[in-house]
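K.L.:
The working numbering puts the sequence shown at residues 1 to 522.
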Amino acid sequence: MIYPQGPARERDGSCCSPLSAIACASDFFRIPERQIPSPPPTAAPLSTPLLPTAVLRADPSRSPEPPRQARREVAAMDEEYDVIVLGTGLKECILSGLLSVDGLKVLHMDRNDYYGGDSTSLNLNQLWKKFRGEDKPPAHLGSSKDYNVDMVPKFMMANGTLVRTLIHTNVTKYLSFKAVDGSFVFSKGKIHKVPATDMEALKSPLMGLFEKRRARNFFIYVQNYDEADPKTHQGLDLTTLTTKELIAKYGLVDDTVDFIGHALALHRDDRHLNEPALDTVKRMKLYSESLARFQGGSPYIYPLYGLGELPQGFARLSAVYGGTYMLSKPECKVEFDMEGKACGVTSEGETAKCKKVVCDPSYLTNKVRKIGKVARAIAIMSHPIPNTNESHSVQIILPQKQLGRNSDMYVFCCSYTHNVAPKGKFIAFVSAEAESDNIQSELKPGIDLLGPVDELFFDMYDRYEPVNEPSLDNCFISTSYDATTHFETTVTDVLNMYTMITGKTIDLSVDLSAASAAEEEY
1 MIYPQGPARE RDGSCCSPLS AIACASDFFR IPERQIPSPP PTAAPLSTPL LPTAVLRADP
61 SRSPEPPRQA RREVAAMDEE YDVIVLGTGL KECILSGLLS VDGLKVLHMD RNDYYGGDST
121 SLNLNQLWKK FRGEDKPPAH LGSSKDYNVD MVPKFMMANG TLVRTLIHTN VTKYLSFKAV
181 DGSFVFSKGK IHKVPATDME ALKSPLMGLF EKRRARNFFI YVQNYDEADP KTHQGLDLTT
241 LTTKELIAKY GLVDDTVDFI GHALALHRDD RHLNEPALDT VKRMKLYSES LARFQGGSPY
301 IYPLYGLGEL PQGFARLSAV YGGTYMLSKP ECKVEFDMEG KACGVTSEGE TAKCKKVVCD
361 PSYLTNKVRK IGKVARAIAI MSHPIPNTNE SHSVQIILPQ KQLGRNSDMY VFCCSYTHNV
421 APKGKFIAFV SAEAESDNIQ SELKPGIDLL GPVDELFFDM YDRYEPVNEP SLDNCFISTS
481 YDATTHFETT VTDVLNMYTM ITGKTIDLSV DLSAASAAEE EY
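(1) Rounded to whole angstroms, what's the CA-CA distance from residue 239 to residue 280? Just pull it up for me.
(2) Where are the alpha helix (DSSP H) runs, 4 residues long or more, that stay fully inside the stretch 265–346, in chain order?
(3) Is it right to say residue 150 is buried, meaning 16 or more other beta carbons lie within 10 angstroms of its own, or is it exposed?
(4) Ignoring anything shorter than 4 residues or poking outside the stretch 153–239, list the alpha helix (DSSP H) runs there in chain order.
(5) Output the boundary residues of the alpha helix (DSSP H) element that contains residue 245.
(6) At a cut-off of 7 Å, is residue 245 close to the ligand FAD when judged by its beta-carbon and the heavy atoms of the ligand?
(7) Which residue from 175, 472 and 298 puts its Cα closest to that of residue 310?
(8) With DSSP collapsed to three states, give me the class of residue 76.
(9) Out of 395, 384 and 446, which has the shortest C-alpha to C-alpha gap to residue 405?
(10) Assuming residue 475 contacts residue 342 under a Cβ cut-off of 8 Å, what Cβ separation, rounded to an integer in Å, is found between them?
(11) Measure how close the beta-carbons of residue 359 and residue 86 come, nearest whole angstrom, since I'm counting them as under 8 Å.
(12) Looking at residue 242: is its Cβ nearer than 8 Å to the Cβ of residue 274?
(13) Would you kindly report the start and end of the unbroken alpha helix (DSSP H) that includes residue 500?
(14) For residue 505, does the three-state DSSP call read helix, strand or coil?
(15) Considering residue 441, what are the terminal residues of the alpha helix (DSSP H) in which it resides?
(16) In terms of alpha-carbon separation, which member of 379, 469 and 80 lies closest to residue 440?
(17) What is the C-beta distance between residue 369 and residue 431, in whole angstroms, given that I count them as a contact (C-beta under 8 Å)?
(18) Name the residue from 373, 268 and 146 whose alpha carbon lies nearest to the alpha carbon of residue 124.
(19) Give me the Cα-Cα distance between residue 247 and residue 257, rounded to the nearest whole angstrom.
(20) Just to confirm before moving on: does the CB-CB distance between residue 396 and residue 184 stay below 8 Å?
(21) In whole angstroms, what is the alpha-carbon distance linking residue 255 and residue 190?
(22) Name the residue from 170, 304 and 133 whose alpha carbon lies nearest to the alpha carbon of residue 543.
(23) Run the CB neighbour count on residue 155, radius 10 Å, all protein chains shown included, and call it buried at 16 or more, exposed below.
(24) Going by beta carbon distance, what residues of the same chain come within less than 6 Å of residue 264, once the five residues before and after it are set aside?
(25) How is residue 383 classed by DSSP in three states: helix, strand or coil?
(26) Taking the straight line between their C-alpha atoms, what separation do you get for residue 489 and residue 499?
(27) Which residues mark the beginning and the end of the alpha helix (DSSP H) in which residue 100 is found?
(28) State yes or no: is the C-beta of residue 306 within less than 8 Å of the C-beta of residue 148?
(29) In this structure, how does DSSP classify residue 403 when only helix, strand and coil are distinguished?
(30) Looking only at C-alpha atoms, which of 290, 261 and 291 sits nearest to residue 278?
(31) Is the separation between the beta-carbon of residue 178 and that of residue 302 shorter than 8 Å?
(32) Could you check which residue in 194, 205 and 158 has the C-alpha nearest to that of residue 299?
(33) Going by the DSSP bridge assignment, what does residue 351 pair with across the sheet?
(34) Let me check one thing: in DSSP terms, what residues is residue 433 bridge-paired to?
(35) Given residue 80, which residues of its chain have a CB within under 6 Å of its CB, disregarding the five upstream and five downstream residues?
(36) Pair every Cβ in the stretch 331–346 with every Cβ in the stretch 105–122, then say whether three or more of these pairs are closer than 8 Å.
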């Protein structure tokens, strides 16, 4: 569950910010909220709730309508738009909402009859049909409608860019979240809790006593580091000093370096060791600040009813500000003028004109290139993952060195406590950047951590990135979702696209106290 804003504290009053689990963090601070413009006066009030009552609160005075097939399709296709967005994945829905708030005229189309695209959540019947080719799962798994299984499973950093974007846009009012129970790391064949309190740090076997003392000095440096205050730099230029060089100054052993880079800074591989240390320090501070946000054992939060709620929340935002939505639109062919610039989208013989097109890679396959594959296993279970303190929601990071891989593997688990499965059921995912075509063998280290499973599904999809020049063709294409179990890379892509489209940057200096919440009983 999500607790009121402020640094989490143990019952004895001790601070439990992480880095700080060894070196106690300073109190969390607040930043004034930036208000977005009021919706146009034509926006109708919300009549039928589409999403759960909000727990993360923003401005309660606004009651917008849910996304819908707004206006008759024939009339909508006859109009000209500033932007046509193709696909209702999370990235596309965030951009649709942001652009609509900016006053642009937006048409949002999808070939599917549901919101979410690749980042949707499926009920049990849909899951069974996708992976087993039929829609009649075993009765012992429970009701289909009680399942919300994410196709791109990720947690949200409690102090991260997605939470800030939700608050900036007031989409928080449409969603409910709960804190994730625990964050763990796989080391030397065992699962270990990433310390979240002073006591956990003292008891943790991840470091010896003397190593903890050395690490504590490094954590204090990171905690106190302020990019704008040279006094906190201790004469070190982190824009030129590599991560390896910075850590070496504190004499930390390789296992600790591995733990810091992958379990705290959340790097996907070891390339960061030879890159400027500033990024690693910022990542560690984000982890620390996120853990300090709520009383929990991890820096993550997760929406009730699954991640499919997120695209719908931003779709609502777009609809409030005049966005037009059309689902079940086949083909959606992008049209180009004589200069090679996107000028419209044709579907079912009708063409809607536009100045710019935003889409996922599947709509403009000739303007993207393959950059890798994601391998994923989805498990339905009747128990928590063993050795995770009976956690009902958890992340386990398996660093690349522990497995002899080129990148990390991730285990993600949530359960009925987040309303994604019937009572007593758990949904676990094992994800990694695919390094072979043998998905079952490649994911085996993560699957072995799950214990007995009721059902197991395997999935592999290609990842793409755009190769076009948007300034020449007016096409803005998102990058496919990666294997990481948090949204920082996802929102970074969105914010970069927004800047390319509008020439502006978004100020995410928001009042994070808007993410306060009421408790819920489960």
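Beta carbons: idealized from backbone N, C-alpha and C, even for Gly. Nothing here was measured: the structure is a model prediction, and the numbers come from that model.
P.N.:
Walking through what the data contain:
(1) 11 Å
(2) 277–293 and 309–320
(3) buried
(4) 161–169, 198–203 and 209–224
(5) 243–248
(6) Ligands in the displayed structure: none, and consequently the ligand FAD is not present.
(7) 175
(8) helix
(9) 446
(10) 5 Å
(11) 4 Å
(12) yes
(13) 488–502
(14) coil
(15) 439–442
(16) 379
(17) Between residue 431 and residue 369 the Cβ distance is about 22 Å, and since that is not below 8 Å, they are no contact.
(18) 146
(19) 7 Å
(20) yes
(21) 14 Å
(22) Summary: the structure shown does not reach residue 543, with the chain confined to residues 1 through 522, and so no result is reported for it.
(23) buried
(24) 284 and 287
(25) coil
(26) 16 Å
(27) 90–101
(28) yes
(29) helix
(30) 261
(31) yes
(32) 158
(33) 346
(34) 374
(35) 353
(36) yes
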